[in-house]
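For this note's numbering, add 756 to where a residue sits in the sequence shown, where the first one is 1. For each residue, glycine too, the CB sits at the ideal point set by N, CA and C.
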Amino acid sequence: EGFVHVNATDNGVTPEDVPILGDMDPDRTDVEMALRFNCMVKGSSEMGLQRQKPFPFKFHNRHSNRPVPRPKRIILMRHGESEGNRDELLYTQKPDWRIPLSQDGLYQSRFAGQEVKNIVGDEDVYLYHSPYSRTVQSCQQIMHALDPGQVRGIREEPRIAEQQFGNLQDLESLRRSKIERRRYGRFFYRFPNGEAGLDVYSRISSFIGTIRRDHLEEDCNVVIVTHGLALRLFLMRWFQWTVEQFESTHNPPNCGLAVMHRDPRDGRYTLTEETLNMIGADKAPTTSSIGRSMLRKAYVDAFLSVQEPGYDRY
757 EGFVHVNATD NGVTPEDVPI LGDMDPDRTD VEMALRFNCM VKGSSEMGLQ RQKPFPFKFH
817 NRHSNRPVPR PKRIILMRHG ESEGNRDELL YTQKPDWRIP LSQDGLYQSR FAGQEVKNIV
877 GDEDVYLYHS PYSRTVQSCQ QIMHALDPGQ VRGIREEPRI AEQQFGNLQD LESLRRSKIE
937 RRRYGRFFYR FPNGEAGLDV YSRISSFIGT IRRDHLEEDC NVVIVTHGLA LRLFLMRWFQ
997 WTVEQFESTH NPPNCGLAVM HRDPRDGRYT LTEETLNMIG ADKAPTTSSI GRSMLRKAYV
1057 DAFLSVQEPG YDRY
């Protein structure tokens, strides 16, 4: 249900035996997939994929006058269609994190991998993925679209996992909870024995701190394969959306890409127009800022004009 770490010579298979992108078949075995992974990450035979660190050779001095270097681009992707998306009854029969992609989800992920490749070109890429089977498989398809030399590393990250919905064995209770959540609001509503959106926001905030510490380079692209709610909460935290602004957005479709471009002049990130349309973020800030104080009077005026939220419309 996750990465299978194998050496290129295991079972008499060499890197040359692993199919290239043009011969890719989403139905290949996990071992073939894993062989392709190990061939694509330099030095993985010694350290393992999880220990590939993105640290630069020379750390940036945070006390200097130069802007802190950051990745050129951050791309977030929701996983492909899962078997649970097709039949929610499956959640009562199998652990959520073990539910795989559907056949359509595999093809969606393959196409999304080509989109990622078109965006990053030949630039370096570092990948993070949720531990859930559907995100692991989606990340695998992205990896197949990339050239081996451009992958700096890949890491499983539990903090970007799906919201915990509690006892999924009771399907009717889960359906009632989702109806209540639509009335109450996704951010603060807590599933019985599960998480609220606020809990996911807290772990996402911790993960963003890791990205800021780990990626002190200008030329790398960070790709994050996660879930719909986690993706939106990542953007909420990064761009400092209010709860009301977050509630006005919606989840991206399966394999939807949210792209953040960094302006080299001031280091701020901006969401693409396609991303804004995809999640309905027309009411939310689209450019990152260092603290709300930078907005000064404009932010104060906006704050004073906030009306009582009407959660019954969600």
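Task: Range of the contiguous beta strand (DSSP E) that encloses residue 982 - done: 976-982
Open item on the list: With a threshold of 6 Å on Cβ separation, who are the neighbours of residue 860 within its own chain once the five nearest residues in sequence on each side are excluded?
Closed with: 837
Open item on the list: Using the three-state DSSP reduction, which class does residue 1042 fall into: helix, strand or coil?
Closed with: coil
Open item on the list: DSSP three-state label for residue 910, please.
Closed with: strand
Task: residue 1010 burial status per 10 Å Cβ neighbour count (16 or more: buried) - done: buried
Task: Three-state secondary structure assigned by DSSP to residue 902 - done: coil
Task: Outcome for residue 982 when other beta-carbon atoms lying within 10 angstroms are tallied against a minimum of 16 - done: buried
Open item on the list: Within the continuous beta strand (DSSP E) that includes residue 880, where are the two ends?
Closed with: 880-885
TODO: Identify, in the order they occur along the chain, each residue of the same chain with its Cβ nearer than 6 Å to the Cβ of residue 1039, setting aside the five sequence neighbours on each side.
DONE: 1001 and 1004
TODO: Determine the direct distance from the alpha carbon of residue 925 to that of residue 847, and round the result to whole angstroms.
DONE: 7 Å
TODO: Report the partner residues of residue 838 according to the DSSP bridge assignment.
DONE: 857
TODO: Quick one: give me the first and last residue of the beta strand (DSSP E) that residue 1027 is part of.
DONE: 1025-1027
Task: Assigned exposure category for residue 966 - 16 Cβ within 10 Å defines buried - done: exposed
Task: residue 946, DSSP secondary structure in three states - done: strand
Open item on the list: Considering only the alpha carbon of each residue, which of 892, 995 and 876 lies closest to residue 862?
Closed with: 892
Task: residue 1013 - containing beta strand (DSSP E), residue span - done: 1013-1018
Open item on the list: With a threshold of 6 Å on Cβ separation, who are the neighbours of residue 843 within its own chain once the five nearest residues in sequence on each side are excluded?
Closed with: none
Task: Span of the alpha helix (DSSP H) around residue 1036 - done: Run containing residue 1036: none; DSSP gives neither H nor E here.
Open item on the list: Assuming the contact rule is C-beta atoms closer than 8 Å, residue 1018 and residue 829 should be a hit. Round their C-beta distance to whole Å, please.
Closed with: 7 Å
TODO: Name, in chain order, the residues that DSSP records as bridge partners for residue 829.
DONE: 977 and 1017
Open item on the list: Does residue 718 come out as helix, strand or coil in the three-state DSSP assignment?
Closed with: Since the displayed the chain opens at 757 and closes at 1070, residue 718 lies outside it and no answer follows.
Open item on the list: Below 8 Å on the Cβ atoms is my contact criterion, and I expect residue 944 with residue 954 to pass it. Report the Cβ-Cβ distance as a whole number of Å.
Closed with: 6 Å
Task: Cut-off 8 Å between Cβ atoms - residues of its own chain near residue 1047, not counting five sequence neighbours on either side - done: Unreliable positioning characterises residue 1047 in this predicted model, as indicated by a pLDDT of 39, which lies under 50. The coordinate reading is nonetheless provided below. Here the set comprises nothing.
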